[in-house]
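Written below as structure tokens is the structure these notes are about.
In our numbering, the protein residues as written are 1 to 243.
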């Protein structure tokens, strides 16, 4: 029996992996996701160990170090009977979903971005009609161009009463906010300049720009009070629906 088939037959757990940035700097949003999951009946566990997915190492070209870290993490996941990972971090999603299978022999863990998990559960329940709210949406690089997750976050927003006014540059042509790949830490002035440029594209009619990326949300928040992390929007709508 192959390891993937073996994994399907064990009683596994779903790990919620918020990513280091969310865990260290976005405590409110971390709690938002946990509350959203609980409201939608998504069962999850969290690790006591403080681990990194290794995205920064891999992006910086330290492939061997990233492989060693990935294998160390895999052992932790196996020890905790993890068979599925849900993460709100586009970088962690890309790392676990696309890079870990290349780095680790026998990787069998299912990986899902939180926007997809939320959509799947929303489809199972009936939500009362909510008052429409005009918003716009930002496609993060790692979630969009790298992972091709474009429709699912938008579908969630629409199901919860959001009327999306798209920015001129969207989906695969979306403008990078320039917060990832170490830019925000190493070249903050460039990151802020790009955030200002992206903010100029926000349609004047909208009340919020919804962003399912912790880095893009934080960078745009520094230049516009319309910046809203995905979980904040979802949780407010679920509460408004009485869930």
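Note that the Cβ used here is the ideal one computed from N, Cα and C, for glycine as well.
Tell whether a beta-carbon distance below 9 Å holds between residue 164 and residue 113.
As a first step, residue 164 must be located in the chain shown, where it is residue number 164. As a first step, residue 113 must be located in the chain shown, where it is residue number 113. No, they are not a contact pair.
- Can you list the alpha helix (DSSP H) stretches of 4 or more residues lying completely in the region 88-158, in chain order? Runs found: 90-94, 100-103, 114-122.
| query | Under three-state DSSP, which class holds residue 226? | reply | Within the chain shown, residue 226 is the residue found at index 226, counting from 1. Assignment of residue 226 by DSSP, reduced to helix, strand and coil, places it in the coil class.
- Query: Which one of 167, 126, 40 has the shortest CA to CA distance from residue 117?
  - Reply: One-based indexing of the chain shown puts residue 117 at position 117. Sorting 167, 126, 40 by C-alpha distance to the C-alpha of residue 117 places 40 at the top.
With DSSP run on the structure shown, which of helix, strand or coil describes residue 235?
-> Counting from one through the chain shown, the residue named residue 235 turns up at place 235. Helix at residue 235.
Three-way DSSP call (helix, strand, coil) for residue 42 in this model: Within the chain shown, the letter at position 42 stands for residue 42. Here DSSP, grouped into helix, strand and coil, assigns residue 42 to coil.
(Q) Taking the alpha-carbon of residue 167 as reference, which of 202, 134, 147, 189 has the nearest alpha-carbon? (A) Position 167 of the chain shown holds residue 167. The option with the nearest alpha carbon to residue 167 is 202.
Can you name the start and end residues of the alpha helix (DSSP H) that residue 168 belongs to? Counting from 1 along the chain shown, the entry for residue 168 is found at position 168. That residue, residue 168, is in no alpha helix (DSSP H); it is neither H nor E in DSSP.
Q) Hey, would you say residue 93 sits closer than 9 Å to residue 147, going by beta carbons? A) Reading the chain shown from its first residue, position 93 is the one you call residue 93. Reading the chain shown from its first residue, position 147 is the one you call residue 147. Cβ atoms of residue 93 and residue 147: closer than 9 Å.
Is the beta carbon of residue 141 within less than 8 Å of some heavy atom of the ligand NAP?
-> You won't find the ligand NAP in this model; it holds no ligand whatsoever.
**Message:** Within 10 Å of its beta-carbon, does residue 91 have 16 or more other beta-carbons around it, so buried, or fewer, so exposed?
**Reply:** For the purposes of this step, residue 91 is taken as residue 91 along the chain shown, with counting starting at 1. So residue 91 counts as buried.
field: Integer-rounded CB distance, given that residue 134 should sit under 8 Å from residue 207
entry: To locate residue 207, count along the chain shown from 1; it is residue 207. To locate residue 134, count along the chain shown from 1; it is residue 134. In this structure residue 207 touches residue 134 by the C-beta definition: roughly 6 Å separates them, less than 8 Å.
Quick one, which of 137, 66, 37, 243 has its alpha-carbon nearest residue 95's? Within the chain shown, residue 95 is the residue found at index 95, counting from 1. When each option's Cα is compared against that of residue 95, the closest is 66.
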